[in-house]
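>
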Amino acid sequence: MKKHSALLLLTLIFVLLAGCGTAPAKDPAPAASSSTESEPAATDSSTPIKIATDASYAPMEFMDLDQVKGFDIDFIDAVMKQAGLTYEVTNTGWDTMLESVRQGTEYQAGVSSVSITDERKESYSFSLPYFESTNVIMVKEGSDIKSALDLKDKKVAVQNGTTADILMSGIMGKDSANLSRFESNALALLELDNGGADAVVADIAIVREYIKNNPDKKLVSITDPDNFDSEYYGILYPKDSELKAKLDPAIQTIIDNGTYAEIYKKWFGEEPDLTNLKAAMAKG
Numbered sequence: 052m053k054k055h056s057a058l059l060l061l062t063l064i065f066v067l068l069a070g071c072g073t074a075p076a077k078d079p080a081p082a083a084s085s086s087t088e089s090e091p092a093a094t095d096s097s098t099p100i101k102i103a104t105d106a107s108y109a110p111m112e113f114m115d116l117d118q119v120k121g122f123d124i125d126f127i128d129a130v131m132k133q134a135g136l137t138y139e140v141t142n143t144g145w146d147t148m149l150e151s152v153r154q155g156t157e158y159q160a161g162v163s164s165v166s167i168t169d170e171r172k173e174s175y176s177f178s179l180p181y182f183e184s185t186n187v188i189m190v191k192e193g194s195d196i197k198s199a200l201d202l203k204d205k206k207v208a209v210q211n212g213t214t215a216d217i218l219m220s221g222i223m224g225k226d227s228a229n230l231s232r233f234e235s236n237a238l239a240l241l242e243l244d245n246g247g248a249d250a251v252v253a254d255i256a257i258v259r260e261y262i263k264n265n266p267d268k269k270l271v272s273i274t275d276p277d278n279f280d281s282e283y284y285g286i287l288y289p290k291d292s293e294l295k296a297k298l299d300p301a302i303q304t305i306i307d308n309g310t311y312a313e314i315y316k317k318w319f320g321e322e323p324d325l326t327n328l329k330a331a332m333a334k335g
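To convert, count from 1 in the sequence shown and add 51; that's my numbering.
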């Protein structure tokens with residue numbers, strides 16, 4: 052009863068104060084926003100373009116503490132500055148990047164050593180080619196593997212959904228029990244280290260970087276131009292994205308003005324041979 056009486060007294064005091072013109076304090080106003088549940092927030096040129104990546108491809112893209120670094124990251128920075136656009140890069144992982152960019156709702160682009168293929172063109176748009184690559188084979192010293200065809204009856208590790216996966220599915224059979232697919236190249240490389248695979252097939256830049264950083268593992272790379280053609284990376288967009296028209300001229304400019312060569316030399320220690328790349332760019 053005492054509790055109810057006290058509550059009634061407090062209520063009476065509150066009413067009297069309100070009658071005298073003293074309004075109760077309001078909650079702090081929410082952050083300014085022009086959006087409501089029924090009206091999406093408008094975007095403008097200052098809204099950062101959200102770019103996804105799979106930061107497990109050193110030296111192309113990798114995590115350094117809490118920062119994403121690498122050739123692709125410096126490249127996209129130069130491109131976006133040249134185009135006058137703000138942006139942010141988020142490490143999402145490979146499969147998430149592919150799906151989220153395809154949908155185009157959360158991420159408007161992906162930059163992650165993505166090879167331009169006819170199959171991917173059915174679901175995505177691509178920028179001009181910006182990097183020439185090829186897949187190579189990595190094995191331990193003393194291996195009897197000398198070419199891609201030698202892998203038919205071997206245990207091979209690849210990253211799922213990459214061109215290495217596509218190539219080895221063609222050579223070994225898509226459902227081969229000896230072809231192991233992993234979520235990342237790091238896991239594929241670990242499988243070779245642990246003796247679960249005879250070889251890893253991956254992009255040349257990733258393989259060379261891994262061998263350079265792990266001399267104690269006694270690893271070698273094998274190139275096979277007869278079975279592994281040159282590939283070209285592109286920025287990944289949702290189908291028919293307007294970003295392509297904005298960024299293609301910027302890509303062309305940083306290649307022509309030498310910015311691209313500076314970034315390439317920073318990460319690979321040599322000047323790029325742009326002959327094949329420029330020919331691929333001319334084709335669009």
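Note that beta-carbon positions come from the ideal geometry of N, C-alpha and C, so glycine has one too. No experiment lies behind these values; they were computed from the predicted model shown.
#1: By alpha-carbon positions, which one of K317, K132, D324, G193 ends up nearest to V271?
#2: For T104 versus D128, is the C-beta distance shorter than 8 Å?
#3: So, is D307 buried or exposed, given that buried needs 16 or more other C-beta atoms within 10 angstroms?
#4: Work out the CA separation of E260 and L328 for me, nearest whole Å.
#5: Within the chosen definition, does the segment 247 to 256 reach the segment 168 to 187 through at least 3 CB pairs nearer than 8 Å?
#6: Short of 8 Å in beta carbon distance, which residues of its chain neighbour S235, apart from the five on each side in sequence? Order them along the chain.
#7: How would you call T214, buried or exposed, if buried means at least 16 neighbouring beta carbons within 10 angstroms?
#8: L298 and P178 - do their beta-carbons sit closer together than 8 Å?
#9: Specify whether the segment 219 to 228 and the segment 198 to 205 touch according to this definition: at least 3 beta carbon pairs, one from each stretch, less than 8 Å apart.
#10: Along the beta strand (DSSP E) that carries T104, what are the first and last residues, could you check?
#11: Where do the ends of the alpha helix (DSSP H) carrying D299 lie?
#12: Expressed to the nearest angstrom, what Euclidean distance is found between the alpha-carbon atoms of S164 and Y284?
By the coordinates alone:
#1: G193
#2: no
#3: Per the 10 Å Cβ criterion, exposed.
#4: 21 Å
#5: yes
#6: D105, S107, G144, W145, Q210
#7: buried
#8: Note that residue 178 is Ser in the sequence shown here, rather than Pro. Yes, they are a contact pair.
#9: yes
#10: Counting along the chain, the beta strand (DSSP E) containing T104 begins and ends at 100 to 104.
#11: 294 to 307
#12: 6 Å
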